[in-house]
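Participant: Mind looking over this structure? Questions follow.
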Amino acid sequence: MAEAADRLAHALSRYDAIAIAVSGGVDSITLATFAHRRISSGVEMIHAASPAVPAAATARLSELALGEGWRLTITDAEELADSRYRDNPANRCYFCKSNLYDRMRAITSVQLASGANLDDLADYRPGLLAAGEREVVHPFIEAKMGKAAIRHLARALGLPEIAELPAQPCLASRIETGIVIEAQDLAFVDRVERGLAASLPRESTLRCRITHAGIVVESDTPLPAEADALVLSLCAAAGRTYLGARPYRRGSMFRRDAT
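Take the sequence shown: its letters are residues 1 to 259, numbered as in the working numbering.
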């Protein structure tokens with residue numbers, strides 16, 4: 001771990017000042033904490049608190065920023081105003097990140113950075129294309145650090161709860177490719193997931209999926225009966241069809257062939 005931390009410190013040392021896109025997840029929080037403690041005044045954090053970001057992530061980030069003394073700017077990337085994003089094509093993330101980084105550039109003139117890690121390179125990540133077009137740097141990738149190394153670093157930084165956070169992509173990833181993204185759908189997903197979180201272990205991976213046929217809940221932990229009843233109630237109140245629960249499957253809403 002010491003070698004990985006040294007590589008990360010070296011990657012960050014190339015910049016007199018840096019602005020980190022912080023989502024509220026383990027990767028960006030760990031990068032922000034490490035960078036702030038190493039560079040201090042030369043680091044600023046920018047968080048896009050849009051309808052696609054879980055409310056818990058924004059709250060977690062705000063609390064941590066206060067405790068760590070970060071210079072944090074909370075903004076809205078306004079991706080929902082971009083019809084290319086709202087149409088929810090297979091490369092939706094490209095438009096999301098394009099709006100995010102353009103908004104960050106309007107806020108600051110320093111080097112932009114993300115919490116992307118080495119594992120991301122093995123997946124379909126159109127957001128990395130948007131980052132490359134805007135010369136956004138990825139210190140974890142430069143340091144050859146994947147998710148496991150980042151969790152280890154978070155523990156070493158005294159952030160055990162952050163280290164155990166499950167992966168939490170944006171709420172738009174819960175909506176099946178091709179279904180137009182609406183703010184009320186994102187709010188519904190967040191409401192269901194927040195309601196279920198209290199009845200599941202903290203480290204559980206949980207997704208409320210919006211499919212063409214109706215609502216599906218995916219979890220790597222079996223839902224207790226009362227949790228299933230809660231989803232049914234929330235769906236009924238919103239006039240939605242609940243199709244039931246099933247085991248979590250990564251990327252189940254993504255259809256790469258959709259336009």
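Positions of the beta carbon are idealized from the N, C-alpha and C atoms, including for glycine.
Taking only three categories from DSSP, how would you classify A113?
Facilitator: For A113, the secondary structure class from DSSP, reduced to helix, strand or coil, is strand.
Participant: Between which two residues does the beta strand (DSSP E) containing Y242 stretch?
Facilitator: 242-247
Participant: Pull up the DSSP beta-bridge partners for I162, would you.
Facilitator: BP columns for I162 are empty, so no partner.
Participant: Going by Cα to Cα distance, which pick from A130, L66, S28 is closest to Y94?
Facilitator: A130
Participant: On the three-state DSSP scale, how would you describe T73?
Facilitator: Strand at T73.
Participant: Given L243, which residues of its chain have a CB within under 7 Å of its CB, disregarding the five upstream and five downstream residues?
Facilitator: A213, G214, I215, V216
Participant: May I have a chain-ordered list of the alpha helix (DSSP H) segments no shorter than 4 residues that lie completely inside the region 114-155?
Facilitator: 126-133, 139-142
Participant: Mind checking G25: buried by the 16 CB within 10 Å criterion, or exposed?
Facilitator: Classification of G25: buried, given that the 10 Å Cβ count is 16 or more.
Participant: Mind reading off the beta-carbon distance from L118 to T33? Whole number of angstroms is fine, and I expect it under 8 Å.
Facilitator: Going by Cβ atoms, the distance from L118 to T33 rounds to 19 Å, so no, they are not a contact pair.
Participant: On a Cα-Cα basis, can you pick out the residue from R71, G132, T58 that is closest to I39?
Facilitator: R71
Participant: Please name the residue, chosen from S173, V231, R151, A17, that lies closest to A52 on a Cα-to-Cα basis.
Facilitator: When each option's Cα is compared against that of A52, the closest is S173.
Participant: Look at I46 and I107 and say whether their C-beta atoms are less than 8 Å apart.
Facilitator: yes
Participant: Can you tell me which of the three DSSP states A250 falls into?
Facilitator: Reading off the sequence, residue 250 comes out as Arg, not Ala. In the structure shown, the three-state DSSP call for R250 is coil.
Participant: Determine whether the beta carbon atoms of A154 and I162 lie at a separation below 8 Å.
Facilitator: yes
Participant: Please report how far the alpha carbon of I135 lies from the alpha carbon of R92, in whole angstroms.
Facilitator: In the sequence on display, residue 135 carries Glu and not Ile. Answer to the nearest angstrom: the Cα atoms are 20 Å apart.
Participant: Tell me the DSSP bridge mates of C208?
Facilitator: V217
Participant: With a Cβ-Cβ cutoff of 8 Å, do R266 and A56 count as a contact?
Facilitator: The structure shown does not extend to residue 266, since the chain is modelled only from 1 through 259, so no value can be given for it.
Participant: If you drop the 5 nearest sequence neighbours on each side, which residues of the same chain put their C-beta closer than 7 Å to that of D228?
Facilitator: A245
Participant: So the candidates are A59, D123, S23; which of them puts its Cα closest to the Cα of A77?
Facilitator: S23
Participant: Between L196 and the rest of its own chain, which residues show a CB-CB distance below 8 Å, the 5 nearest in sequence each way excluded?
Facilitator: L206, C208, V217, S219, L223, A227, L230, V231
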